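2 protein chains.
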Amino acid sequence: MALSHALLTALHEAPCSGYDLAKKFDGTVGFFWSASHQQIYRELTKLEEQAYISAVVVQQSNRPDKKVYEVTETGKDYLREWIAQPSTVAAIKDDLLVKLFAGNLVDPAVILDELEHHRSQHQDLLDTYKSIEQRFFADTCQLDVNRRYQYLTLRQGIRLETEWLAWCAEAIESFLG
Amino acid sequence: MALSHALLTALHEAPCSGYDLAKKFDGTVGFFWSASHQQIYRELTKLEEQAYISAVVVQQSNRPDKKVYEVTETGKDYLREWIAQPSTVAAIKDDLLVKLFAGNLVDPAVILDELEHHRSQHQDLLDTYKSIEQRFFADTCQLDVNRRYQYLTLRQGIRLETEWLAWCAEAIESFLG
DNA sequence: TAACCCATGTAACCTGTTACATGATTAA
DNA sequence: TTAATCATGTAACAGGTTACATGGGTTA
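Going down the list, the sequences are from chains A and B. Going by our numbering, the first sequence opens with residue 509, and the numbers climb by one from there. Going by our numbering, the second sequence opens with residue 509, and the numbers climb by one from there.
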């Protein structure tokens, strides 16, 4: 049931429509829990049935109406309960690492290409995170409690992407040597 | 279809039974793609139907018979094709980071507990990885090609866990300061 | 006038989890 | 004699992906 928690968290931060939630990678909780728009709409329907969220239809000019959801008190209690329950660390599920395990089946050039490809993806992610840091967290002393928590998650994003990049470089180098 | 690839990779490394595969965290590909035993048995049945693997029933004394699977040539081709297809970096799906995003809903002590809890889990994982490194990869010069690939994955495990630990420490410290 | 954006949805399917079930052997 | 290990499975459900569908508005 973790998607429900991620959606409630996103709506708690800022009430919005399913469409807005689906545009996930917008510098919010979507970085740490992505989902397709079909999944999001399905889950929102459920959450509304359970009264964890409530919708207000907003009419727009020149655009379709939209349902803006916000978290109810019941929903907040549900979130609080979930947060208080200890969770286990997320399992790694990574294609690239599995591919390396079977690396001897293919030409090393294939693996090298894939490593380069991943390096550039991680570089892009890191750039994104860093630009968010500069735009929204330039003055770390002035942050309120919630922003402080969010900044911690961003710091971890930056840490992990930096480490992925370093590893890609190390791995690629081991091919050239 | 990524579980199929992970299972084929594991069987390519060492033919074994479904039961063996289910005991995943044994220093092999299971670190990077875990699955429950029910999922594994279901997938093995499919893979055998598709002729990507073949089974030999091994009779044992004092124990139930077991079906030992190995990858066929067709299965290897299938794996090779998959490896050659570029993949996107794995999406982060992490409970703890989502919880931090909604951190202002609960007492900071709740978050602090959870951070401590995660720190100890990451420490355990790091210890496991390091002991594998010492036991199987002490002499990095002597490794064959396949072992070299596997060592790269282990190095990344060590890197990421180290980074998680550092981040947990940083986050916990930010609570005390 | 073609392609894209806004906004929401259905249907079918695959992946993953939880609970239950069996039956022999072995260790405390 | 109770619990754990070996070994494989069924059933039901929840989570997640892919394809398809609609229909107005905007941009090139």
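The C-beta atom is built at its ideal place from N, Cα and C for all residues, glycine as well. Please read these numbers as outputs of a predicted model, since none were measured by experiment.
Three-state class that DSSP yields for residue i in the structure shown
i                     : result
residue 562 (chain B) : strand
residue 531 (chain A) : coil
residue 574 (chain B) : strand
residue 579 (chain B) : strand
Environment of residue i [buried if 16+ CB atoms lie within 10 Å]
i                     : result
residue 615 (chain A) : exposed
residue 546 (chain B) : exposed
residue 646 (chain B) : exposed
residue 627 (chain B) : buried
residue 581 (chain A) : exposed
residue 650 (chain B) : exposed
residue 559 (chain B) : exposed
residue 544 (chain B) : exposed
residue 522 (chain B) : exposed
residue 525 (chain A) : buried
residue 653 (chain A) : exposed
residue 639 (chain A) : exposed
Rounded C-alpha distance that separates residue i from residue j
i                     : j                     : result
residue 578 (chain B) : residue 519 (chain B) : 6 Å
residue 676 (chain B) : residue 568 (chain B) : 47 Å
residue 624 (chain B) : residue 618 (chain B) : 10 Å
residue 668 (chain B) : residue 641 (chain B) : 15 Å
residue 575 (chain A) : residue 590 (chain A) : 26 Å
residue 685 (chain A) : residue 658 (chain B) : 17 Å
residue 557 (chain A) : residue 656 (chain B) : 53 Å
residue 637 (chain B) : residue 566 (chain B) : 32 Å
residue 682 (chain A) : residue 648 (chain B) : 12 Å
residue 514 (chain A) : residue 663 (chain A) : 19 Å
residue 561 (chain B) : residue 527 (chain B) : 16 Å
residue 564 (chain B) : residue 594 (chain A) : 43 Å
residue 542 (chain A) : residue 571 (chain B) : 45 Å
residue 552 (chain A) : residue 643 (chain B) : 49 Å
residue 632 (chain A) : residue 573 (chain B) : 51 Å
residue 629 (chain B) : residue 673 (chain A) : 24 Å
residue 584 (chain B) : residue 517 (chain B) : 9 Å
residue 538 (chain A) : residue 592 (chain A) : 21 Å
residue 678 (chain A) : residue 671 (chain A) : 10 Å
residue 621 (chain B) : residue 666 (chain B) : 24 Å
residue 510 (chain A) : residue 555 (chain A) : 12 Å
residue 680 (chain B) : residue 586 (chain B) : 46 Å
residue 531 (chain B) : residue 540 (chain B) : 13 Å
residue 660 (chain A) : residue 529 (chain B) : 37 Å
residue 635 (chain A) : residue 512 (chain A) : 29 Å
residue 536 (chain B) : residue 536 (chain A) : 34 Å
residue 588 (chain A) : residue 588 (chain B) : 46 Å
### Task
May I ask you to list, following chain order, the residues of the stretch 618-629 of chain B that have a beta carbon less than 7 Å from some beta carbon of chain A?
Answer set for the stretch 618-629 of chain B: 618, 622, 625, 626, 629.
### Query
Are there three or more Cβ pairs, one per stretch, closer than 8 Å when the stretch 548-564 of chain B is compared with the stretch 603-612 of chain A?
Cβ pair count under 8 Å is below three, so no.
### Message
Measuring CB atoms only, is the stretch 596-604 of chain A touching the stretch 589-607 of chain B, in the sense that at least three cross pairs come out at less than 8 Å?
### Response
Yes, the stretch 596-604 of chain A touches the stretch 589-607 of chain B.
### Task
Mind checking the stretch 625-655 of chain A against chain B and listing, in chain order, the residues whose C-beta falls within less than 9 Å of any C-beta there?
For the stretch 625-655 of chain A, which is checked against every Cβ of chain B, the residues closer than 9 Å are 625, 626, 629, 630, 633, 652, 653, 654.
### Task
Select from the stretch 514-548 of chain B all residues with a C-beta closer than 9 Å to any C-beta belonging to chain A, and list them in chain order.
Those residues of the stretch 514-548 of chain B that come within reach of chain A (Cβ to Cβ, closer than 9 Å) are 514, 516, 517, 518, 520, 521, 536, 537, 539, 540, 541, 542.
### Query
Using a Cβ cut-off of 9 Å, which residues of the stretch 545-575 of chain B contact any Cβ in chain A, in chain order?
Identification of residues in the stretch 545-575 of chain B having a C-beta nearer than 9 Å to some C-beta of chain A yields an empty set.
### Query
Of the residues that make up the stretch 578-591 of chain A, which ones have a beta carbon closer than 7 Å to any beta carbon in chain B?
Within the stretch 578-591 of chain A, the qualifying residues are 584, 587, 588, 591.
### Query
Taking any Cβ of chain B, which residues in the stretch 593-616 of chain A have a Cβ under 7 Å from it, in chain order?
Taking 7 Å as the Cβ-Cβ cut-off against chain B, the residues of the stretch 593-616 of chain A that qualify are 594, 595, 596, 597, 598, 599, 600, 601, 602, 603, 604, 605, 606, 607, 608, 609, 610, 611, 612, 613, 614.
### Query
What are the residues of the stretch 673-684 of chain B that lie near chain A, defined by any Cβ-Cβ distance shorter than 8 Å?
Identification of residues in the stretch 673-684 of chain B having a C-beta nearer than 8 Å to some C-beta of chain A yields 674, 675, 678, 679, 682, given in sequence order.
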